[in-house]
Amino acid sequence: MVAEILSTHTPELFQKAVRRAAELLRAGEVVALPTETVYGLAANALDEKAVAKIFQIKGRPSHNPIIVHVAGNAMAHDCVKEFTLLAEKFSNAFWPGPLTLVLPRAKKIPDSVTAGGETIGVRWPSHPFMQAVIRECGFPLAAPSANLSNQISPTNVEHVRAQLGSKISLIVDGGQSQVGIESTVLDLTVSPPRILRPGMIHAESLTAVAGEVQSPKSIVQGETARKSPGLLKKHYSPKAKLVVLYWRDEADLRLQVSSLKFQIPDCHVIAHTQIPADESFADVSVMPHDAEAFARALYAELHRCDQAGARLIIVEAPPADLPEWFGIMDRLQRAAA
Ligand code: TXA
Ligand code: MG
Numbered sequence: 150m151v152a153e154i155l156s157t158h159t160p161e162l163f164q165k166a167v168r169r170a171a172e173l174l175r176a177g178e179v180v181a182l183p184t185e186t187v188y189g190l191a192a193n194a195l196d197e198k199a200v201a202k203i204f205q206i207k208g209r210p211s212h213n214p215i216i217v218h219v220a221g222n223a224m225a226h227d228c229v230k231e232f233t234l235l236a237e238k239f240s241n242a243f244w245p246g247p248l249t250l251v252l253p254r255a256k257k258i259p260d261s262v263t264a265g266g267e268t269i270g271v272r273w274p275s276h277p278f279m280q281a282v283i284r285e286c287g288f289p290l291a292a293p294s295a296n297l298s299n300q301i302s303p304t305n306v307e308h309v310r311a312q313l314g315s316k317i318s319l320i321v322d323g324g325q326s327q328v329g330i331e332s333t334v335l336d337l338t339v340s341p342p343r344i345l346r347p348g349m350i351h352a353e354s355l356t357a358v359a360g361e362v363q364s365p366k367s368i369v370q371g372e373t374a375r376k377s378p379g380l381l382k383k384h385y386s387p388k389a390k391l392v393v394l395y396w397r398d399e400a401d402l403r404l405q406v407s408s409l410k411f412q413i414p415d416c417h418v419i420a421h422t423q424i425p426a427d428e429s430f431a432d433v434s435v436m437p438h439d440a441e442a443f444a445r446a447l448y449a450e451l452h453r454c455d456q457a458g459a460r461l462i463i464v465e466a467p468p469a470d471l472p473e474w475f476g477i478m479d480r481l482q483r484a485a486a
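Residue 308 in this note's numbering is what sits at position 159 of the sequence shown, and the numbering runs on without skipping anything.
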């Protein structure tokens with residue numbers, strides 16, 4: 150199979166792609182669609198067989214539940230047993246947007262979506278294409294990130310094509326993902342609510358809306374990891390070894406590279422403050438200083454390093470104590486695990 154790639158940059162192309170995606174989804178097929186966080190691999194969330202295809206295509210373990218995407222509050226209410234007052238507060242503040250709410254599930258949601266569990270992760274994405282397809286279908290879409298299991302999430306159509314182009318029939322090009330890392334996952338079945346996966350909607354914004362939330366203790370283990378296996382330590386990894394380092398100056402960086410037993414020409418450096426001038430590094434990318442722009446660019450840099458056959462990716466450590474960087478730090482720690 151070779152995936153057809155449809156553009157969406159004119160109203161006509163957009164409508165044509167909406168109709169084609171909806172047609173395949175109604176027929177129980179799996180298609181790759183843009184969202185504002187990362188690209189998703191979508192199927193009809195109410196069709197057990199269609200959802201099973203997602204697991205098969207990704208090589209995803211069956212114990213990992215899938216987020217269900219909706220267009221509007223009514224559809225979200227339909228997916229859960231009860232849309233609580235707290236859920237109402239978070240949805241009013243952050244939907245449509247990069248926040249997934251975990252709530253007790255409705256009976257009509259198939260077991261495969263929730264991995265047999267009693268809860269469901271629901272999100273109303275803000276990407277106009279995703280919204281239009283869900284509305285056209287009239288049913289919610291189960292969609293994990295559109296990558297092979299354990300690899301880096303795609304933030305543009307080329308990333309999806311490289312990993313899944315021979316396994317699905319349609320990829321819709323909705324441009325570069327605006328957020329760039331996966332949604333914040335917030336468990337509302339515990340009190341106070343607990344962040345299962347940090348993202349660009351960070352703890353302080355959540356707290357401002359609804360009071361106390363529990364933050365993840367960097368990388369989760371034990372019970373939380375069983376509840377939400379996507380949070381396991383080793384996840385979202387590039388093929389190359391990745392380290393997060395802080396260096397005072399270039400001499401310091403060289404010293405650290407040699408103590409890691411790598412050669413300078415093997416190293417791809419992703420820096421934002423201390424930019425090495427030495428041209429013998431395999432590659433040096435200069436990242437933006439602000440967290441939002443950094444998140445938007447990060448996965449494309451990691452995909453690029455992998456494609457270039459990097460042996461070691463060195464990422465300059467982001468600021469450690471600013472909440473807007475916690476989601477980024479989380480992904481870097483996992484990629485380094
Ligand atoms: O931004 C996103 O969330 C993207 C786009 C496509 O929406 N989706 C995404 O899905 O990142 P995925 O499957 O790659 O990651 C979903 C994460 C996993 O860590 C999974 O374990 C967790 O959410 N999750 C899903 N449903 C859950 C549930 N009912 N309870 C706890 N964790 C859940
Ligand atoms: Mg994923």
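For each residue, glycine too, the CB sits at the ideal point set by N, CA and C.
Inter-residue Cα distance where the pair is residue i and residue j
i: residue 453; j: residue 179; result: 26 angstroms
i: residue 401; j: residue 274; result: 43 angstroms
i: residue 369; j: residue 162; result: Reliability fails at residue 369, whose pLDDT of 46 lies under 50, so the model's placement of it is uncertain and no value is given.
i: residue 403; j: residue 447; result: 23 angstroms
Cβ-based burial, residue i [other Cβ within 10 Å; buried from 16]
i: residue 471; result: exposed
i: residue 480; result: buried
i: residue 302; result: buried
i: residue 168; result: exposed
i: residue 406; result: buried
i: residue 385; result: buried
i: residue 397; result: exposed
i: residue 367; result: Note that residue 367 scores a pLDDT of 48, beneath 50, so its modelled location is shaky; the value from the coordinates is reported in the next line. That one is exposed.
i: residue 196; result: buried
i: residue 300; result: buried
i: residue 160; result: exposed
i: residue 422; result: exposed
i: residue 241; result: exposed
Reduced DSSP category for residue i - H, G, I as helix; E, B as strand; rest coil
i: residue 413; result: helix
i: residue 270; result: strand
i: residue 297; result: coil
i: residue 234; result: helix
i: residue 218; result: strand
i: residue 327; result: coil
i: residue 283; result: helix
i: residue 336; result: strand
Residue i: CB within 7 angstroms of a non-hydrogen atom of the ligand NAP
i: residue 450; result: Ligands in the displayed structure: the ligand TXA and the ligand MG; the ligand NAP is not one of them.
Beta-carbon proximity check, residue i vs residue j, cutoff 8 angstroms
i: residue 155; j: residue 171; result: no
i: residue 323; j: residue 304; result: no
i: residue 298; j: residue 208; result: yes
Reference residue i, options the options, closest by Cα
i: residue 187; options: 439, 296, 222; result: 296
i: residue 150; options: 345, 413, 348, 319; result: 319
i: residue 280; options: 434, 246, 200; result: 246
i: residue 348; options: 201, 473, 203, 392; result: 473
i: residue 256; options: 268, 250, 421; result: 268
i: residue 248; options: 236, 206, 467; result: 236
i: residue 420; options: 414, 346, 365, 393; result: 393
i: residue 230; options: 390, 250, 203, 152; result: 250
i: residue 175; options: 465, 411, 287; result: 287
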